[in-house]
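J.: The sequence shown begins at 1 in full-length UniProt numbering and counts up by one. All C-beta atoms, glycine included, are put in the ideal place defined by N, C-alpha and C. There's a structure below that I have some questions on.
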Amino acid sequence: MGQKVVLFSDLSGKIVEDGELVKIVVTQHPALLDGPVEIEAAPAELAAIDDQSIDVVSFEVFAPGEEPRSVVMPLAEFDKLATDDPMDVVLKAAKKSYAKPARAKSTGEPKINYGSLEHAGKPHRGKVNDAEKQIIRDHFDSVNERLAGEGLRVIDLADPEMVARYGLEELVEERAAVAKPAEAISEATDEA
1 MGQKVVLFSD
11 LSGKIVEDGE
21 LVKIVVTQHP
31 ALLDGPVEIE
41 AAPAELAAID
51 DQSIDVVSFE
61 VFAPGEEPRS
71 VVMPLAEFDK
81 LATDDPMDVV
91 LKAAKKSYAK
101 PARAKSTGEP
111 KINYGSLEHA
121 GKPHRGKVND
131 AEKQIIRDHF
141 DSVNERLAGE
151 GLRVIDLADP
161 EMVARYGLEE
171 LVEERAAVAK
181 PAEAISEATD
191 EA
């Protein structure tokens, strides 16, 4: 049985016929509370963005006694803040700022090792590493029993995306080869 994947635009909800979606990472928006997000759109929906884009400047304000805040504003408006010299002169004369790199926020929970028999196959957004793939290949049935027992989705060998994600192509072939002789025996006994 074949499968058909239907792609649609997050912006318009319309189906994208040619199958080409453009990934958009929204890094700043008043509605974003937990960092950047990804959306997808048809290329035609973004045709006018170059005409509508504006030059902006982003900066942080560190006022005494207040939390630092980030500001994004049109470049022309920012340039007007410099009244003694042009803004490009002010910026060239300014001292270099060495921003501290952002550190990943810890949730306080221990990191899950998906490369262990206890957690292999659990749904997660990260990349499936070689250790997790090997555990799933070596213990496929017990991993699926555990997943089902935990109320999680099981790994379906009929799902091409799951097969590719977990590197189960050889297992699919092995199970298909075992199923064919069993089907032949079943057909022979039905005929007798």
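Once you ignore the five residues that flank valine 16 on each side, which residues in its own chain have a CB closer than 7 angstroms to its CB?
T.: Within the sequence shown, residue 16 is the residue found at index 16, counting from 1. Hits under 7 angstroms: Leu7, Phe8, Ser9 and Ala42.
J.: Which term fits valine 143, buried or exposed, when burial requires 16 or more other beta carbons within 10 angstroms of its beta carbon?
T.: For the purposes of this step, residue 143 is taken as the residue at position 143 of the sequence shown. Buried.
J.: Return the first residue and the last residue of the alpha helix (DSSP H) that phenylalanine 78 is part of.
T.: By one-based count along the sequence shown, residue 78 stands at place 78. It spans 75-79 - the alpha helix (DSSP H) in which phenylalanine 78 sits, taken as one unbroken run.
J.: Between which two residues does the alpha helix (DSSP H) harbouring lysine 133 extend?
T.: For the purposes of this step, residue 133 is taken as residue 133 along the sequence shown, with counting starting at 1. First-last of the alpha helix (DSSP H) with lysine 133: 130-138.
J.: Going by beta-carbon coordinates alone, are proline 74 and valine 57 separated by less than 9 angstroms?
T.: In the sequence shown, counting from the first residue as 1, residue 74 sits at position 74. In the sequence shown, counting from the first residue as 1, residue 57 sits at position 57. Against a cut-off of 9 angstroms, the Cβ pair of valine 57 and proline 74 comes out as a contact.
J.: Could you spell out the range, first to last residue, of the alpha helix (DSSP H) harbouring alanine 44?
T.: Here residue 44 corresponds to residue number 44 of the sequence shown, with the count starting at 1. Premise fails: alanine 44 is in no alpha helix (DSSP H) and is neither H nor E.
J.: Beta-carbon separation of serine 97 and glutamine 28 under 9 angstroms?
T.: Here the question's residue 97 lines up with position 97 in the sequence shown. Here the question's residue 28 lines up with position 28 in the sequence shown. Between serine 97 and glutamine 28, the CB-CB gap reaches or exceeds 9 angstroms.
J.: DSSP has alanine 70 in a bridge; who is on the other side?
T.: Mapped onto the sequence shown, residue 70 falls at position 70. Here the sequence assigns serine to residue 70, which means alanine is not the residue at that position. Serine 70 pairs with Glu60.
J.: Report the option in Val72, Glu38 and Pro68 whose CA atom is closest to the CA atom of residue 219.
T.: An answer regarding residue 219 cannot be provided, because it is not within the stretch 1 to 192 covered by the chain.
J.: Cutting at 7 angstroms between CB atoms, please list the residues of its own chain near glutamate 45, excluding the five before and the five after it.
T.: Position 45 of the sequence shown, counted from the start, is the residue given in the question as residue 45. Same-chain partners within the cutoff: Ser9, Leu11 and Ser12.
J.: Which one of Lys95, Ala131 and Leu168 has the shortest CA to CA distance from alanine 158?
T.: Indexing the sequence shown from 1 puts residue 158 at position 158. The residue with the shortest Cα to Cα distance from alanine 158 is Leu168.
J.: Does the distance from the CB of glutamate 132 to the CB of glycine 115 come in under 9 angstroms?
T.: Your numbering for residue 132 matches position 132 in the sequence shown. Your numbering for residue 115 matches position 115 in the sequence shown. Judged by beta-carbon spacing, glycine 115 lies within the 9 angstroms limit of glutamate 132, meaning their Cβ atoms are closer than that value.
J.: How far does the beta strand (DSSP E) with lysine 23 in it extend, from its first residue to its last?
T.: Walking along the sequence shown from the start, residue 23 turns up at place 23. DSSP places lysine 23 in the uninterrupted beta strand (DSSP E) bounded by 22-26.
J.: Which same chain residues end up closer than 8 angstroms to leucine 32 when comparing Cβ atoms and leaving out the 5 residues on each side of it in sequence?
T.: For this step, residue 32 is matched to residue 32 along the sequence shown. The residues are Val26.
J.: Looking at the unbroken alpha helix (DSSP H) that takes in arginine 165, where does it start and where does it end?
T.: Here residue 165 is taken as the residue at index 165 of the sequence shown, counted from 1. For arginine 165, the enclosing alpha helix (DSSP H) stretches over residues 160-166.
J.: Report all residues from its chain with a CB closer than 8 angstroms to the CB of alanine 148; omit the five preceding and five following residues, and keep chain order.
T.: Translated into positions along the sequence shown, residue 148 becomes position 148. These residues qualify, in order along the chain: Val154.
J.: So with Cβ pairs under 9 angstroms, would you call glutamate 109 a contact of chain D?
T.: No chain D appears in this structure, which consists of one protein chain only.
J.: So, helix, strand or coil for glutamate 40, using DSSP?
T.: Translated into the one-based positions of the sequence shown, residue 40 becomes position 40. Glutamate 40: strand per DSSP, three-state reduction.
J.: If I follow the unbroken alpha helix (DSSP H) through isoleucine 155, where does it start and stop?
T.: Taking the sequence shown and counting its residues from 1, one reaches residue 155 at position 155. It is not in any alpha helix (DSSP H) - isoleucine 155 carries neither H nor E in the DSSP assignment.
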